[in-house]
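>
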Amino acid sequence: MATAQTHTHVLSAPTRLEAQHQVTKRRGIFSNQCLFRIGVTMTLLWLGVALLAPWITPYHPLKGDAALANGSPSFEHPFGLDKYGRDILSRVIYGSRYDFFIALTVVLGAMATGTLIGSISGFMGGKLDNVLMRLMDMVLAFPSFVLALVFVAIFPPNLTTLVVALSIRFVPIYARLIRGEILVEKVKEYAAAAQAIGSSQWRLIFRHLLPNAYTPIITQSTTNMSWAILNAAGLSFLGLGIQPPMPEWGVMISEGSSYIVSGEWWMSFFPGAALILMTAGFILVGDGLNAQTEP
Amino acid sequence: MSLNITRRRFMGQTLGVIGGTMVSGALLPLLAEAAQHKSILRVAVERDFETLRPELSAGSTNWMLRRLIYSTPILWGTKQQPDGSLIYDNNTLEMVLALAYTISEDRQTIEFTLHPNAKFANGDPLDAQAIRDSHAWFLATRGSGQLKVNGIPSPDHIEVIDAVTLRFYLDRPVAWGLIGHALLSSSSIVHAKEILKHVTADDPHGIKWLESKTIESGAFRIDDWQRGTMMSLVPNPHALKPSKLERIIFQIVPNAATRRIVLERGDVDFAVEIAAKDIPDLRKVSGVKVISSPSAHGWWLGMTWRKAPFNNIHFRRAMAWAIPYKTLLQVVTRGLAEPARSCVPNNISGYTGDFWPYETNLEKAQEELAQADVPSGFSVAVPVYSGDLVDEETTVLIQESLAQLGIKLVIQKMPISQKRSLLTQKKVDMAVYDWRPWIPDAGYFIYWNWLPDSFWNSWSYTHEEAQRLGDEVITMAPGSPEREAKLRRFQEIVNGDVGLVPLFMQYDNIVMRDHVQGYVYYPDAVPVLSKMSLG
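Read top to bottom, the protein sequences are chains A and B.
Start counting the first sequence at 152; every next residue gets the next number (the working numbering).
Start counting the second sequence at 292; every next residue gets the next number (the working numbering).
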């Protein structure tokens with residue numbers, strides 16, 4: 152005859168360490184949430200600036216007055232003027248459209264492609280998995296600048312080529328992330344249950360596995376957005392991507408860098424500050440998401 | 292003898308000792324520093340030298356090195372300008388390896404009498420045979436090129452009379468047949484026998500060895516070369532004209548702004564490729580001097596003749612009226628240029644600015660464009676050298692101006708080699724383009740740019756009369772009234788066709804510390820560092 156065992160739980164006061172951890176965690180959560188909110192605010196602000204740029208720029212971003220070239224910041228031109236006499240504030244505002252667009256398209260493109268490759272690779276396994284992952288390794292091993300130069304040699308240097316060149320660089324990151332998640336998810340019971348009721352492989356991957364596996368790539372995407380902007384800035388200097396006279400922050404920074412020595416600091420400073428603020432916004436959002444999804 | 296020490300004597304002697312100590316204590320380091328200044332010239336360059344091959348065109352920095360390590364038979368003479376600076380003299384020659392020369396009446400035979408004691412850096416004789424071998428090597432490696440342009444298509448046109456006498460038989464009496472022997476691209480004397488010791492089946496001319504090694508014939512030899520960082524040169528012990536410098540150090544400083552800083556600080560004595568925007572500020576810096584020389588380095592807007600609307604005279608005139616000439620001078624060159632007014636550069640013999648009536652006038656541009664049958668929304672891709680501020684800024688300003696006429700220029704930045712390749716393959720519809728003739732002669736410029744087979748006739752220009760005239764002046768005596776008249780007529784025709792839209796002639800700006808002496812401006816803008824000293 153079995154005897155029901157009574158389990159008596161004694162509620163004990165938390166230890167000092169546990170108490171400290173709880174306080175820290177509360178503060179940590181609070182801190183992360185605060186930074187997350189700041190990041191979201193900054194990102195939304197930049198999105199607003201980018202969308203409203205044609206209406207809020209005080210001057211035409213492409214037209215200048217050569218007589219006022221290299222003008223220092225003033226009331227009429229708070230960010231100063233560039234070497235062609237163009238208003239830098241207007242160009243910084245307008246440039247947000249390009250950098251935001253680059254960030255979004257690069258990451259979305261890489262995410263979509265990488266997710267597809269990683270899902271198939273992780274689910275199918277075997278030789279296909281090996282081949283795809285070695286391909287990803289090759290792409291990762293290629294220096295991104297060299298890859299971009301190869302592209303510009305083949306394709307015309309423009310925004311589309313820039314986006315494609317950068318997207319390719321980020322595809323392996325997403326592919327490997329998703330592959331790892333799929334490997335974990337596909338052995339779970341719900342996956343077996345879905346298979347048992349006759350779900351096709353594609354349905355299983357996209358309807359069941361991916362929704363449980365996507366969280367890391369969301370976090371990764373915010374980090375990659377900042378890297379996309381920074382890489383675009385560097386590649387534009389090489390002549391790939393945004394062509395003059397379009398206002399892209401990276402090009403503006405590189406053009407202005409040679410003027411710092413002669414005291415015309417504003418040409419690089421303001422687009423550089425804008426770049427920092429936009430990437431900081433993305434990073435804070437990413438960190439916040441990461442903290443919230445941590446167990 | 293009694294030692295008579297008085298207060299006065301004691302004070303005098305003590306002060307004398309103290310004063311002497313102070314002076315020598317301050318003077319000795321100064322002397323050491325002065326000695327150092329007098330010995331070593333430090334030069335900031337923008338990139339490494341890549342190769343020691345003399346037959347390649349590898350940029351102005353490489354040419355500067357070649358002037359040091361390779362000699363030529365002659366050089367341009369020198370004269371002093373009113374401001375005291377030294378410039379080349381087109382009417383005189385400086386003998387270098389040669390002691391004297393004669394030229395036949397038909398200008399097709401040039402004979403050099405060479406210095407009897409000339410030697411390579413390893414002590415081998417630098418005689419007539421060595422110079423002939425050097426030319427033969429050049430001809431073998433390139434097959435065509437500057438020597439052919441100079442009228443020497445094969446080694447058979449070079450005769451060794453004796454150890455110190457060398458004769459050149461030109462296939463035609465080109466106007467620059469004599470001065471061509473001053474050019475580095477054809478007349479840098481290499482130790483051909485030594486080079487040919489290093490040939491292989493894959494490398495029949497010893498080129499691989501010459502990438503990093505050579506036996507110098509010039510005033511200096513390479514002492515140390517740390518690729519990407521520096522190169523140090525010391526005097527060639529067999530140099531005919533010893534330099535006042537004990538050593539020359541090239542320091543590689545890739546960034547132009549950094550080169551400016553190191554020059555201002557005195558870390559280097561001489562710096563190349565300083566941005567035009569920094570020149571006005573550098574003129575005000577104590578201890579730095581800037582020498583700005585009007586040059587033959589011209590910039591033009593080129594348009595193809597192969598297709599519409601570029602081959603429509605009204606379209607070309609519209610472009611000529613639309614260019615913002617003054618803005619280009621102000622913004623791009625910071626005033627360190629002069630207006631260009633012809634299809635050949637200013638500041639060379641045979642140039643005339645009489646046939647260029649255009650100035651910025653958008654109304655006239657609109658009138659011409661209306662007659663040009665240009666489709667609405669017309670756009671054209673324009674290649675631009677990536678990293679070349681002058682090319683980019685010029686193109687952007689022209690783009691802005693043409694946008695007001697409804698013409699869209701789509702800028703495509705690309706590496707310099709890519710744009711040059713497109714130009715030489717005649718695949719460019721419109722571009723800003725620059726060219727500097729090494730020989731300051733309009734006929735020389737026409738040879739390279741305006742004849743049907745000219746290497747740089749990127750725009751496929753054809754005009755029977757103009758090109759006949761251009762061909763004729765190549766072999767006419769320089770400075771002759773007949774030649775001048777033909778050159779004038781040539782420019783009248785080509786400028787009337789708007790063959791090129793002349794934009795500006797960029798000054799050559801040389802920046803150095805005050806104590807650097809002896810700089811001479813030559814038409815190829817290559818400083819001859821061996822002639823310089825530190826005062």
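Quick reminder that beta carbons are idealized off the backbone N, C-alpha and C, glycines included.
Here the structure is a predicted model, which means the values were calculated and not measured.
1) Quick check on DSSP: helix, strand or coil for Arg597(B)?
2) Within 7 Å (strictly less), CB to CB, does Thr618(B) reach chain A?
3) How should Gln371(B) be labelled, buried or exposed, when 16 other C-beta atoms within 10 angstroms of its C-beta is the threshold for buried?
4) Is it true that the CB of Pro396(A) sits closer than 7 Å to the CB of Leu232(A)?
5) Would you identify the three-state DSSP class for Tyr249(A), choosing helix, strand or coil?
6) Run the CB neighbour count on Met289(A), radius 10 Å, all protein chains shown included, and call it buried at 16 or more, exposed below.
7) According to DSSP, what are the bridge partners of Lys655(B)?
8) Write down the C-beta distance between Thr411(B) and Ser508(B) rounded to the nearest angstrom, noting that I regard them as a contact closer than 8 Å.
9) Taking the straight line between their C-alpha atoms, what separation do you get for Arg727(B) and Ser295(A)?
10) Is the beta carbon of Val334(B) sitting closer than 7 Å to the one on Phe541(B)?
11) What is the DSSP secondary structure of Trp607(B), reduced to helix, strand or coil?
12) Between the region 734–744 of chain B and the region 677–692 of chain B, do three or more beta carbon pairs fall short of 8 Å?
13) If distances are taken between C-alpha atoms only, which option among Arg607(B), Met796(B), Val817(B) comes closest to Leu619(B)?
14) So is Val412(A) in contact with chain B if we call contact Cβ pairs under 7 Å?
15) Compare the beta carbon distance of Ala389(B) and Pro364(B) with 7 Å and say whether it is the shorter of the two.
16) Can you grab the Cα-Cα spacing for the pair Pro367(A) / Asn441(A), in whole Å?
17) In terms of alpha-carbon separation, which member of Thr651(B), Met594(B), Ser824(B), Lys535(B) lies closest to Val671(B)?
18) Looking at C-alpha atoms only, which residue of Leu255(A), Val282(A), Leu313(A) is the closest neighbour of Val297(A)?
19) Out of curiosity, what's the CA-to-CA distance linking Val819(B) and Met522(B)?
20) How is the alpha helix (DSSP H) around Arg320(A) delimited, first residue to last?
21) Give the secondary structure of Met284(A) by DSSP, where H, G and I count as helix, E and B as strand, and everything else as coil.
22) Here's the rule I'm using: 16 or more other beta-carbon atoms within 10 Å means buried, otherwise exposed. How should Ser241(A) be labelled?
23) If the cut is a Cβ gap below 7 Å, which residues of chain A does Gln690(B) touch?
24) CB-CB under 7 Å to His472(B), same chain, minus the five flanking residues each way: which ones, in chain order?
25) Val687(B) touches chain A at which residues, Cβ-Cβ below 9 Å?
26) In chain D, which residues lie with their C-beta within 7 Å of the C-beta of Arg551(B)?
27) For the alpha helix (DSSP H) that Glu773(B) lies in, which residues bound it at each end?
28) Go to Ala335(B), then tell me how far its beta strand (DSSP E) extends in each direction, as first and last residue.
29) Taking only the alpha-carbon atoms, compute the straight-line gap between Ile387(A) and Phe293(A) and give it to the nearest angstrom.
30) With 16 as the cutoff for other CB atoms within 10 Å, does Ile207(A) come out buried or exposed?
31) If we ignore side chains and look at the alpha-carbon of each, how far apart do Pro793(B) and Thr266(A) end up?
32) Is DSSP giving Arg551(B) helix, strand or coil here?
33) Please list the partners that Ser419(A) has in chain B, where partner means a Cβ-to-Cβ separation under 9 Å.
34) Near Phe302(A), what residues of its chain come up, given a Cβ to Cβ distance below 6 Å and the 5 sequence neighbours on each side ignored?
35) Three-state secondary structure (DSSP) at Leu794(B)?
36) Can you give me the C-alpha to C-alpha distance between Arg177(A) and Asn183(A), rounded to a whole angstrom?
With the structure as the only source:
1) coil
2) yes
3) exposed
4) no
5) helix
6) exposed
7) Answer is none; Lys655(B) lacks a bridge partner.
8) The residue you asked about is not Thr; residue 411(B) is Phe in the sequence shown. Correct: roughly 5 Å between the Cβ atoms.
9) 37 Å
10) yes
11) Contrary to the premise, residue 607(B) reads as Arg rather than Trp in this sequence. In the structure shown, Arg607(B) sits in a helix (DSSP, three-state: H, G or I).
12) no
13) Met796(B)
14) yes
15) yes
16) 8 Å
17) Met594(B)
18) Leu313(A)
19) 16 Å
20) 310–336
21) helix
22) buried
23) Pro396
24) Thr363, Pro364, Ile365, Ser478
25) Tyr235, Pro395, Pro396
26) Among the chains of the structure shown, chain D does not appear; the protein chains present are A and B.
27) 772–787
28) 331–336
29) For the record, residue 387(A) in the displayed sequence is Ser; it is not Ile. C-alpha separation (whole angstroms): 19 Å.
30) exposed
31) 55 Å
32) helix
33) Within chain B, no residue comes near Ser419(A); the closest Cβ sits about 11 Å away, beyond 9 Å.
34) Thr312, Ala316
35) strand
36) Residue placement at Arg177(A) cannot be trusted, given a pLDDT of 45 that sits under 50; what the coordinates show is reported in the next sentence. The straight-line gap from Cα to Cα measures roughly 10 Å.
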